[in-house]
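The sequence shown begins at 0 in numbering that gives the first Met the number 0 and counts up by one.
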Amino acid sequence: MAISICTYTSIAVTTTMKTIIPGQNLPVESLMAQEQDSLSIQHLEIVLQREGSQPKLVGVNGEEITIPDSVYQAMRHVVHAMASGKVVSVVIQDRELTTQKAADLLKVSRPHLIKLLDQGEIPCIRVGTHRRVRFEDLMKYKEQRDSKRREGIKQFTQFLEDEGFYDDESSQLDQ
Numbered sequence: 000m001a002i003s004i005c006t007y008t009s010i011a012v013t014t015t016m017k018t019i020i021p022g023q024n025l026p027v028e029s030l031m032a033q034e035q036d037s038l039s040i041q042h043l044e045i046v047l048q049r050e051g052s053q054p055k056l057v058g059v060n061g062e063e064i065t066i067p068d069s070v071y072q073a074m075r076h077v078v079h080a081m082a083s084g085k086v087v088s089v090v091i092q093d094r095e096l097t098t099q100k101a102a103d104l105l106k107v108s109r110p111h112l113i114k115l116l117d118q119g120e121i122p123c124i125r126v127g128t129h130r131r132v133r134f135e136d137l138m139k140y141k142e143q144r145d146s147k148r149r150e151g152i153k154q155f156t157q158f159l160e161d162e163g164f165y166d167d168e169s170s171q172l173d174q
């Protein structure tokens, strides 16, 4: 299983919400910090930002459990988002996704995803006549794609500034 953590800027007043991700029928529980918890969450964020020894949970009976790094990193992301006043949603994903689930995560059509797989843009695993996409490979492709898009927008903005269609004040808004 892989965990995908999504954060959203919140205007909501509720503390937990159940939603369904379109096309995936996966229940998602969204969490938002209550006002009385905000100081504790901010303090926890400061503690989690400190570098140092291996993090541990200590139970009421004194039992210590070492937190695996993957769980620790997920916890840091969640706490940072909640301390920033955002709603946090955790979506559990299989390590290997169907082509439809992979397409849904990229927000592209399944035929477009198949084209990307056939071109070797995203590695896939064949299971009989079906293809599966590793979650890690999909997220790597998504990050590269998003990075290229940001760079393209940056270059286009620079071009518009050079041609006098875009002023300096407007360019500060997109950073």
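In this text, a Cβ means the ideal position worked out from N, Cα and C, and glycines have one as well. Fair warning: this is a prediction, and the values are worked out from it, not measured in the lab.
Residue closest to residue i, alpha-carbon to alpha-carbon, out of the options
i: residue 81; options: 60, 165, 39; result: 39
i: residue 97; options: 54, 110, 48, 72; result: 110
i: residue 91; options: 83, 73, 107, 49; result: 73
i: residue 68; options: 61, 76, 158; result: 76
i: residue 120; options: 99, 108, 129, 143; result: 143
i: residue 33; options: 84, 54, 56, 46; result: 84
i: residue 86; options: 116, 37, 61, 154; result: 37
i: residue 99; options: 88, 117, 131; result: 131
6 Å CB neighbourhood of residue i in its chain, flanking five on each side removed
i: residue 122; result: 136
i: residue 53; result: 65
Rounded Cβ spacing between residue i and residue j (contact assumed at less than 8 Å)
i: residue 101; j: residue 108; result: Wrong, their Cβ atoms sit about 11 Å apart, outside the cutoff.
i: residue 133; j: residue 162; result: The pair is not a contact, with the Cβ atoms about 43 Å apart (cut-off 8 Å).
i: residue 112; j: residue 141; result: The Cβ separation is near 12 Å, so there is no contact.
Cβ neighbours of residue i in the same chain (closer than 7 Å, five flanking residues each side left out)
i: residue 44; result: 78, 79, 82
i: residue 24; result: The predicted position of residue 24 is uncertain, since its pLDDT is 45 and thus under 50; a value taken from the coordinates is nonetheless stated next. So the list is empty, once near-sequence residues are dropped.
i: residue 21; result: Model confidence at residue 21 stands at a pLDDT of 43, short of 50, so the residue's coordinates are unreliable; what they give is reported in the following sentence. Answer for residue 21: no residue qualifies.
Discussion item. What ranges does the beta strand (DSSP E) occupy inside the region 60-115, keeping only unbroken runs of at least 3 residues that lie completely in it?
Written reply: Runs found: 63-65, 85-92, 95-97.
Worksheet item: At what residue ranges does the region 107-157 contain a whole run of the alpha helix (DSSP H), taking only runs of 4 or more?
Response: 109-117
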